[in-house]
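Trainee: In full-length UniProt numbering, the protein residues as written are 1 to 855. Backbone N, C-alpha and C fix where the C-beta goes; we use that ideal spot for every residue, glycine too.
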């Protein structure tokens with residue numbers, strides 16, 4: 001800022017150097033843990049003597065501090081939010097300390113901590129502080145981080161947004177991600193000038209400039225209780241904070257047509273706007289540094305970010321297609337039923353945390369249809385949720401026909417995107433975007449859908465608002481991560497199915513959208529190769545963490561739920577920026593998910609949260625240590641790393657063998673035949689007394705006509721054909737899925753589908769759970785036993801004592817074994833013809849069933 005701003009409010013530093021300062025020992029401990037020197041606190045208090053606070057302002061700040069929330073991890077070892085005993089509470093016990101907290105919180109609500117620290121250092125220099133007692137930038141930054149988040153919600157942010165709209169309206173030039181702040185020196189001089197007005201050393205301070213003027217107006221009115229006036233370029237006063245009209249307002253904000261330093265006068269100072277940047281620039285890491293981080297409400301976040309582009313997308317010709325895409329998008333996020341475990345009686349640990357540790361795949365295949373139906377019903381809630389952000393789509397969403405299958409959802413989404421681009425062929429925001437990155441309307445629609453889904457599935461603390469800057473930069477993130485070079489834009493929605501969205505590092509994405517900060521300019525995205533992801537992250541007054549850190553013994557769907565709160569991460573009084581899993585080699589552990597078979601009804605285990613300070617700066621390592629009794633009665637232990645568990649859950653979300661469409665009955669429709677066999681174990685010899693080959697289309701039709709058919713989704717192990725009787729209950733080999741349909745109308749009909757046909761894991765349950773078969777399961781070993789190179793046996797036991805045995809083999813040896821089988825059959829046909837060749841499916845995986853029981 002340039003102008004005639006003086007710095008008459010100077011502290012007498014000569015007397016300061018000789019004064020005595022006392023601190024309570026507990027306060028010193030908290031400052032030490034927070035990384036803040038007592039000298040920094042005392043210098044900050046002296047500076048803020050020049051910022052008087054009226055009683056009403058003190059009450060507002062006290063209330064803002066009193067409502068700060070905190071959430072404890074498992075065992076309350078780590079705190080998310082503002083901890084138990086806050087340093088800001090110690091500072092706010094005096095008027096000077098409260099003014100310091102308010103100034104730091106106000107700066108942190110709109111600027112990055114590093115930029116805010118530079119402003120405070122310049123403010124300190126303007127007061128004449130000697131260099132030997134001036135705190136370093138690191139000290140100022142730590143102080144700002146502690147206070148950031150206190151004023152990031154509520155009335156103060158409402159004031160900033162209101163002045164933004166009042167001064168700059170909805171013009172495209174005011175979009176906050178496009179403008180960097182003024183220089184830290186100019187902003188420090190502006191704060192000094194406002195402080196002098198508050199001390200009655202000046203009658204008025206007028207400012208003309210960019211977005212920073214809106215922040216200065218909010219600071220003047222909400223914190224310093226000054227009379228603020230906004231005057232347009234014609235000299236008309238369009239806002240006055242006080243009803244009584246004085247001769248001269250204390251702070252005047254001038255609305256510029258084209259800000260220029262040549263407009264300087266004796267009482268008016270220019271706060272030059274920062275450098276113009278593109279909200280679609282590829283160099284996000286550089287542009288994000290120092291940019292203004294305004295936050296906006298649900299009703300205005302899209303408008304504040306993308307401007308009039310949103311209005312154009314909601315026009316009549318595109319609104320109906322936008323609504324159709326949202327409907328199809330929600331269907332593509334249909335939850336996998338394997339994420340919901342079936343309820344069990346008290347004392348049954350088959351679905352407890354411990355079972356999930358030892359048999360990590362076990363909690364996916366025991367599903368409760370009621371839980372899944374309730375979760376599936378949230379898709380209807382998503383439509384109502386989206387209307388909070390896009391109220392103009394109300395009539396279109398209500399009129400849109402429901403999408404009943406994922407196959408229909410994909411075709412409808414593709415048709416909607418093509419129609420949107422056809423209705424609006426030109427690129428969006430062509431005057432604002434980077435010339436190397438033209439943007440199509442369909443791409444913006446997909447980004448908005450991702451943002452809405454992210455907000456829908458994330459637990460957000462009340463009044464926490466997303467960052468305009470973070471949302472704007474989702475578009476280049478989408479271009480760089482969710483699409484491939486050369487892919488047609490009309491088909492990019494294929495990357496937005498739940499199977500691919502599970503690969504996104506949602507924690508970093510949510511953190512970026514709410515804080516506007518990113519270490520590398522882009523939120524995280526993984527395509528299956530990421531390891532040791534962040535479990536919690538804090539910065540910019542925002543803390544995001546997985547609910548599993550609060551309590552890991554919850555259903556899988558709740559474990560991966562993210563929680564967004566204001567504040568930071570606190571451990572033993574110190575603040576940290578993030579939490580990761582404890583590295584595998586920390587305690588000589590080779591892995592986590594290793595152990596012996598769990599007794600069926602054992603509850604004798606303990607769970608502890610282990611925490612380590614990592615070598616990386618400001619990060620913690622956290623994992624869970626489990627101690628339990630094995631089947632032999634010996635005490636055992638293992639480490640549970642949440643990232644390992646999350647990756648297993650993400651891999652399980654992805655349908656095995658999924659190719660193209662994911663219609664719930666796609667496997668039944670595409671498989672030409674199915675083998676139905678029934679064996680009666682009551683006879684001495686396992687003779688086939690009933691056998692029937694059923695056309696799959698007939699089976700599909702019967703599924704539509706009756707409600708007495710159930711579909712069981714089960715992961716089973718392959719039993720070793722061992723000669724040792726002690727190994728008869730041990731299963732080995734790779735896991736696969738077997739789907740069984742049984743009708744109560746015809747109990748003799750058992751329909752067994754090949755586990756290698758398309759999209760088997762997308763088949764959903766049609767009715768209530770029907771446990772028609774029990775499967776002998778045990779701990780899975782990745783090693784193949786002797787004598788089992790390519791094949792094995794699966795044994796299913798049904799309630800009436802009958803059993804079904806199916807042989808299988810790997811497709812790698814299919815050709816050779818088929819030739820051997822044909823030779824054996826030719827030899828046997830010449831003698832007794834006792835063996836029968838079974839159906840071989842389209843995925844080149846053979847299944848056999850012989851009369852001898854395939855032992």
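Taking C-beta to C-beta, are residue 579 and residue 620 nearer than 7 Å?
Mentor: The residue given as residue 579 occupies position 579 in the chain shown. The residue given as residue 620 occupies position 620 in the chain shown. For the pair residue 579 and residue 620, the CB atoms are nearer than the 7 Å cut-off.
Trainee: Can you name the start and end residues of the alpha helix (DSSP H) that residue 184 belongs to?
Mentor: Reading the chain shown from its first residue, position 184 is the one you call residue 184. Residue 184 -> alpha helix (DSSP H) spans 184-198.
Trainee: For a quick check, are the C-beta atoms of residue 320 and residue 213 less than 7 Å apart?
Mentor: Walking along the chain shown from the start, residue 320 turns up at place 320. Walking along the chain shown from the start, residue 213 turns up at place 213. Cβ atoms of residue 320 and residue 213: not closer than 7 Å.
Trainee: For the alpha helix (DSSP H) containing residue 22, list its first residue and its last residue.
Mentor: Translated into the one-based positions of the chain shown, residue 22 becomes position 22. Per DSSP, residue 22 belongs to no alpha helix (DSSP H) and is neither H nor E.
Trainee: Expressed to the nearest angstrom, what Euclidean distance is found between the alpha-carbon atoms of residue 98 and residue 182?
Mentor: As a position in the chain shown, residue 98 is number 98, starting the count at 1. As a position in the chain shown, residue 182 is number 182, starting the count at 1. Cα to Cα, residue 98 sits roughly 26 Å from residue 182.
Trainee: How would you call residue 826, buried or exposed, if buried means at least 16 neighbouring beta carbons within 10 angstroms?
Mentor: Translated into the one-based positions of the chain shown, residue 826 becomes position 826. It is exposed - the Cβ of residue 826 has fewer than 16 other Cβ atoms within 10 Å.
Trainee: Quick one: grab the DSSP three-state call for residue 123.
Mentor: Translated into positions along the chain shown, residue 123 becomes position 123. Residue 123: helix per DSSP, three-state reduction.
Trainee: With H, G and I counted as helix, E and B as strand and the rest as coil, what does DSSP make of residue 276?
Mentor: Locating residue 276 in the chain shown gives position 276, counting from the first residue. With a pLDDT of 41 at residue 276, under the threshold of 50, the modelled position of this residue cannot be trusted; read the value that follows with caution. Three-state result, residue 276: strand.
Trainee: Just curious, the alpha helix (DSSP H) that residue 328 is in, first and last residue?
Mentor: As a working mapping, residue 328 is identified with position 328 in the chain shown. Its alpha helix (DSSP H) spans residues 316-332.
Trainee: Between which two residues does the beta strand (DSSP E) carrying residue 578 extend?
Mentor: Translated into the one-based positions of the chain shown, residue 578 becomes position 578. 578-580 is the span of the beta strand (DSSP E), which, as asked, contains residue 578.
Trainee: To the nearest angstrom, report how far apart residue 543 and residue 303 are at their CA atoms.
Mentor: Position 543 of the chain shown holds residue 543. Position 303 of the chain shown holds residue 303. Each residue's Cα considered, the two are about 25 Å apart.
Trainee: If residue 149 sits next to residue 541, beta carbons under 8 Å apart, how far is it from one beta carbon to the other, in whole angstroms?
Mentor: On the chain shown, position 149 is the one that residue 149 refers to. On the chain shown, position 541 is the one that residue 541 refers to. Correct: roughly 3 Å between the Cβ atoms.
Trainee: Report all residues from its chain with a CB closer than 8 Å to the CB of residue 194; omit the five preceding and five following residues, and keep chain order.
Mentor: What you label residue 194 is simply residue 194 of the chain shown in a count that begins at 1. Correct list, in chain order: 205, 216, 219, 220, 224, 226 and 251.
Trainee: Hey, could you find the ends of the alpha helix (DSSP H) residue 512 is sitting in?
Mentor: Start at 1 with the first residue of the chain shown, and residue 512 comes out as number 512. 506-515 is the span of the alpha helix (DSSP H), which, as asked, contains residue 512.
Trainee: Could you check what DSSP says for residue 752 in three-state terms: helix, strand or coil?
Mentor: Along the chain shown, read from residue 1 onward, the residue named residue 752 stands at position 752. Confidence at residue 752 is low in this model, with a pLDDT of 35, below 50, so its placement is unreliable and no value can be given for it.
Trainee: On the three-pair Cβ rule with 8 Å, is the segment 126-138 touching the segment 33-46?
Mentor: yes
Trainee: What residue ranges within the segment 30-64 form continuous alpha helix (DSSP H) runs of no fewer than 4 residues, ordered along the chain?
Mentor: 38-47
Trainee: Which residue's Cα is closest to the Cα of residue 119: 240, 186, 294 and 400?
Mentor: For the purposes of this step, residue 119 is identified with residue 119 of the chain shown, where counting begins at 1. Nearest of 240, 186, 294 and 400 to residue 119, Cα basis: 186.
Trainee: Using the Cβ count rule (16 or more neighbours within 10 Å means buried), how would you classify residue 740?
Mentor: Within the chain shown, residue 740 is the residue found at index 740, counting from 1. Note that residue 740 scores 37 on pLDDT, short of 50, meaning its location in the model is unreliable; the coordinates nonetheless yield the value given after this. Residue 740 comes out buried.
Trainee: Under a three-way DSSP split, which group does residue 77 fall into?
Mentor: Indexing the chain shown from 1 puts residue 77 at position 77. Three-state result, residue 77: coil.
Trainee: Within the same chain, show all residues whose beta-carbon is closer than 6 Å to that of residue 228, passing over the 5 residues directly before and after it, in chain order.
Mentor: Locating residue 228 in the chain shown gives position 228, counting from the first residue. Excluding residues within five positions, the ones whose Cβ falls inside 6 Å are 217, 220, 221, 241 and 251.
Trainee: Please name the residue in 612, 249 and 633 whose C-alpha comes closest to that of residue 200.
Mentor: Start at 1 with the first residue of the chain shown, and residue 200 comes out as number 200. For the residues 612, 249 and 633, the minimum Cα distance to residue 200 belongs to 249.
Trainee: Please return the same chain residues whose Cβ sits closer than 8 Å to the Cβ of residue 299, not counting the five positions on each side in sequence.
Mentor: The residue labelled residue 299 in the question sits at position 299 within the chain shown. The answer, listed in chain order, is 388, 389 and 391.
Trainee: Quick check on residue 150: does DSSP put it in helix, strand or coil?
Mentor: For the purposes of this step, residue 150 is taken as residue 150 along the chain shown, with counting starting at 1. Residue 150: coil per DSSP, three-state reduction.
Trainee: Our contact map puts residue 80 next to residue 536 with C-beta atoms below 8 Å; I'd like the distance itself, whole angstroms only.
Mentor: For the purposes of this step, residue 80 is identified with residue 80 of the chain shown, where counting begins at 1. For the purposes of this step, residue 536 is identified with residue 536 of the chain shown, where counting begins at 1. Rounded, the Cβ-Cβ distance is 7 Å, consistent with contact.
Trainee: If contacts are defined as beta-carbon pairs under 8 Å, then residue 74 and residue 609 qualify, I think. What distance do you get, rounded to the angstrom?
Mentor: Position 74 of the chain shown, counted from the start, is the residue given in the question as residue 74. Position 609 of the chain shown, counted from the start, is the residue given in the question as residue 609. Their Cβ separation, rounded to whole angstroms, is 5 Å, which keeps residue 74 and residue 609 in contact under 8 Å.
Trainee: Just verifying my parser: in three-state terms, what is the DSSP assignment at residue 535?
Mentor: Translated into the one-based positions of the chain shown, residue 535 becomes position 535. Residue state, collapsed to three classes: strand.
Trainee: How would you label residue 238, buried or exposed, when you count the other beta carbons within 10 angstroms and need 16 or more for buried?
Mentor: Translated into positions along the chain shown, residue 238 becomes position 238. Per the 10 Å Cβ criterion, exposed.
Trainee: For residue 30, I'd like the list of residues in its chain whose CB is within less than 7 Å of its CB, leaving aside the five on either flank, ordered along the chain.
Mentor: Translated into the one-based positions of the chain shown, residue 30 becomes position 30. Around residue 30: 85, 87, 90 and 573.
Trainee: On the DSSP bridge list, what partners appear for residue 609?
Mentor: Position 609 of the chain shown, counted from the start, is the residue given in the question as residue 609. Here residue 609 is bridged, per DSSP, to 624.
Trainee: From this set, 330, 508 and 639, which residue's C-alpha is nearest residue 452's C-alpha?
Mentor: Taking the first residue of the chain shown as position 1, residue 452 is located at position 452. Nearest C-alpha to residue 452: 330.
Trainee: If we ignore side chains and look at the alpha-carbon of each, how far apart do residue 158 and residue 165 end up?
Mentor: Indexing the chain shown from 1 puts residue 158 at position 158. Indexing the chain shown from 1 puts residue 165 at position 165. C-alpha separation (whole angstroms): 11 Å.
Trainee: Does the beta-carbon of residue 59 have 16 or more other beta-carbons within 10 angstroms, so that it is buried, or is it exposed?
Mentor: The residue you call residue 59 lines up with position 59 of the chain shown. Counting of Cβ neighbours within 10 angstroms places residue 59 among the exposed residues, the total staying below 16.
Trainee: With DSSP collapsed to three states, give me the class of residue 295.
Mentor: Counted from its first residue, the chain shown places residue 295 at position 295. Here residue 295 sits in strand by DSSP.
Trainee: Once DSSP output is grouped into helix, strand and coil, what is the label at residue 207?
Mentor: Taking the chain shown and counting its residues from 1, one reaches residue 207 at position 207. Reduced to three states, the DSSP call for residue 207 is strand.
Trainee: Any idea which residues DSSP pairs residue 570 with across the strands?
Mentor: The sequence position of residue 570 within the chain shown is 570, counting from 1. DSSP lists 79 and 575 as partners of residue 570.
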